[in-house]
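Protein chains in written order, with numbering that gives the first Met the number 0: chain A, 0 to 321; chain B, 0 to 142.
Notes for the one structure printed next.
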Amino acid sequence: MILTVTPNPALDKFYWLEDLPDDLGLTEEKSALRAEKSMTSAGGKGINVSVFLAAHGIDTVAMGFLGGHTGQIILRDVLARGVGANFVWIEEENRINVVLIVQGRGYHPIHIHEEGPRIPKEALEIFLRKYERMLLRAHYVVLAGALPPGVPPDFYQELSRRARARGVPVVVHAGGEPMLRALQERPFLVKPDVRETLRFGDMPLRTKEEVVAAGRHAIAQGASSCLISHHLTGDVLVSVDGVWEFEGKVPPSAFRNVVGADDALVGGILVGLKQGMDLVESVKYGMAAAVASAKVDEKLCLEKEKIAEELAQIEVQFRGKE
Amino acid sequence: MKVRDFVRRDLSAVERDTPVARAIKILENSGLSSLPVVDEEGKLVGIISERDIIRALVPEYVDMLHSASFLPSLDRLARKLREIENHPVERYMKKEVVVARLDDSDLHVADLMLRRGLKQLPVVDEEGHLVGVVRRIDLLSRL
């Protein structure tokens, strides 16, 4: 079973617009934006990873905090997608994340993200007890996404420590201080979320060399491997065994919705590992899943055939041990 | 059809020392009519239902609940609830639990629910770990 932790689940609401006016001051007749299409689904990085895994027939359980009407919708969607659910209920409502996708610009969505509910101390304590129970059945743990208010920045470090004590490999799919702190607990894989800052701690990520340096820093801090995106279709894997570059030969114009592509990447890596592939082959499969997901309107491409088609477009280059 | 084909993989559960008030909140939010009680390893050790909690509030009325006219007022229940809300669910849970297993047939589960008058059954694996629940509606919606 693969356990995913999403401390700040969301209800993702996508709107596809024909156009978005440059001037949102707008005249009265233009003040309403009409969506050509909309879509709603349970979200948050860990939940997305679980949905991807369940679609591949892999036993997975999602954990986190749910509250209010939004929480009930999230739970219903998670269960309907074949994901096991073990959430802690809280009083406050879960967040709704809105994504606007303008026709022809699927590679550059506009996000409106809510902060999320405040997690009470009592809920954190209940979560940790549940987490300990689930660790007994987990083969991997995925710690994913930003932390909501009330959750301390060492949360992922603590969860990594507990997983390590039980011999369960951890994937950290998050950014900022919570991800950096988790490094010392020797996670199996770190996939830093660097979308907003283009930084890994204090280290810039403007060039490929800087990305490799940041990956090496993660290894020095304790991670076994680190996968960093340096542009929309390019990732660098750094491990103790060397450095690999992955490139998806796909033009950005082919992308319809890139939201969730990085979650498909992590899900794809885990599918590969569960199927017995080595890490490099698994990352290649994950990249194919990410590209396939970016090419469909839905957040995740769950069709194995489409993912298999993209595999041929993924180039892998070994850059050596140094 | 087997239970594994329609099990609701909701692992909402409480532990023996969970306060009654917390169990009520989880029942309200999860949409379940009863909650499995699990041990430190996630193995099923009991079940606490809405009815068990009501029974703890007004034992003498529990068999008359088909008519609210038997209750003088809800104030008495509210007062009693305040008294027991911090008690552990272990005090009121049922320890002998009817369970379903993933390879049970839909017919077997329907029969169990009908004969025992149950709205919901916990589902356990070979080692007794909770793996989900089956509700009457899960069966009905697949007929």
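A virtual CB, placed ideally from N, CA and C, is assigned to each residue, including glycine.
Since the model is a prediction, treat every value here as computed from it, not as a measurement.
Does the beta carbon of residue i come closer than 8 Å to any beta carbon on chain B?
i      : result
A:V60  : yes
A:N85  : yes
A:G70  : yes
A:V82  : yes
A:R94  : no
A:L135 : yes
A:R128 : yes
A:R117 : no
A:R132 : yes
A:L78  : yes
A:W243 : no
A:W15  : no
Does the beta-carbon of residue i have 16 or more other beta-carbons within 10 angstroms, so that it is buried, or is it exposed?
i      : result
B:P121 : buried
A:K36  : exposed
A:Q316 : exposed
A:I100 : buried
A:L197 : exposed
A:R165 : exposed
A:E302 : exposed
A:G66  : buried
A:A307 : exposed
B:R81  : exposed
B:V88  : buried
A:L135 : exposed
A:E329 : A question about residue 329 of chain A goes unanswered here, because the residues of chain A that appear run from 0 up to 321.
B:R8   : buried
A:L19  : exposed
B:M0   : exposed
B:N85  : exposed
B:V130 : buried
B:S33  : buried
A:D76  : buried
A:Q274 : exposed
A:P148 : exposed
B:E40  : exposed
A:I109 : exposed
A:P177 : buried
B:D51  : buried
A:K129 : buried
A:K190 : buried
B:T17  : buried
At least one CB of chain A closer than 8 Å to the CB of residue i: is that the case?
i      : result
B:E14  : yes
B:R78  : no
B:H86  : no
B:E40  : yes
B:K24  : yes
B:D137 : no
B:H128 : yes
B:D110 : no
B:R100 : no
B:R50  : no
B:L10  : yes
B:R7   : yes
Per DSSP, residue i is paired with what?
i      : result
A:F13  : A:M38 and A:V98
A:Y139 : A:I1
A:S223 : DSSP, once it has assigned bridges, lists no residue as partnering A:S223.
B:E52  : Reading the sequence as shown, one finds Ile at residue 52 of chain B and not Glu. Note: B:I52 sits in no beta bridge, so no partner.
A:F245 : A:D234 and A:V315
B:D9   : A:A84
A:G285 : DSSP output for A:G285 lists no bridge partner at all.
A:I111 : A:V97
B:S72  : According to DSSP, which records beta bridges pairwise, B:S72 is partnered with nothing at all.
B:P87  : B:P18
B:K42  : B:H128
B:K1   : B:S104
B:R93  : According to the sequence as given, residue 93 of chain B is Lys; it is not Arg. In DSSP, B:K93 forms a bridge with B:I46.
B:A99  : B:V122
B:L34  : B:I47
B:V133 : B:L120
How many whole angstroms separate the CB atoms of residue i and residue j, which I take to be in contact at a CB cut-off of 8 Å?
i      : j      : result
A:F51  : A:D262 : 7 Å
B:R3   : B:V44  : Actually they are not in contact, since the Cβ atoms of B:R3 and B:V44 sit about 23 Å apart, beyond 8 Å.
A:N96  : A:G42  : 6 Å
A:V170 : A:L188 : 5 Å
A:V211 : A:F245 : The pair is not a contact, with the Cβ atoms about 13 Å apart (cut-off 8 Å).
A:N47  : A:L299 : 6 Å
A:S159 : A:A145 : 16 Å between Cβ atoms; not a contact.
>> Which runs of the alpha helix (DSSP H) at least 4 residues long sit entirely within the segment 37-92 of chain A? Give them in chain order.
In response: 44-54 and 67-79
> Considering only residues of the segment 128-216 of chain A, which uninterrupted alpha helix (DSSP H) runs meet the minimum length of 4 residues and lie entirely inside it, listed in chain order?
Replying inline: 154-164 and 175-181
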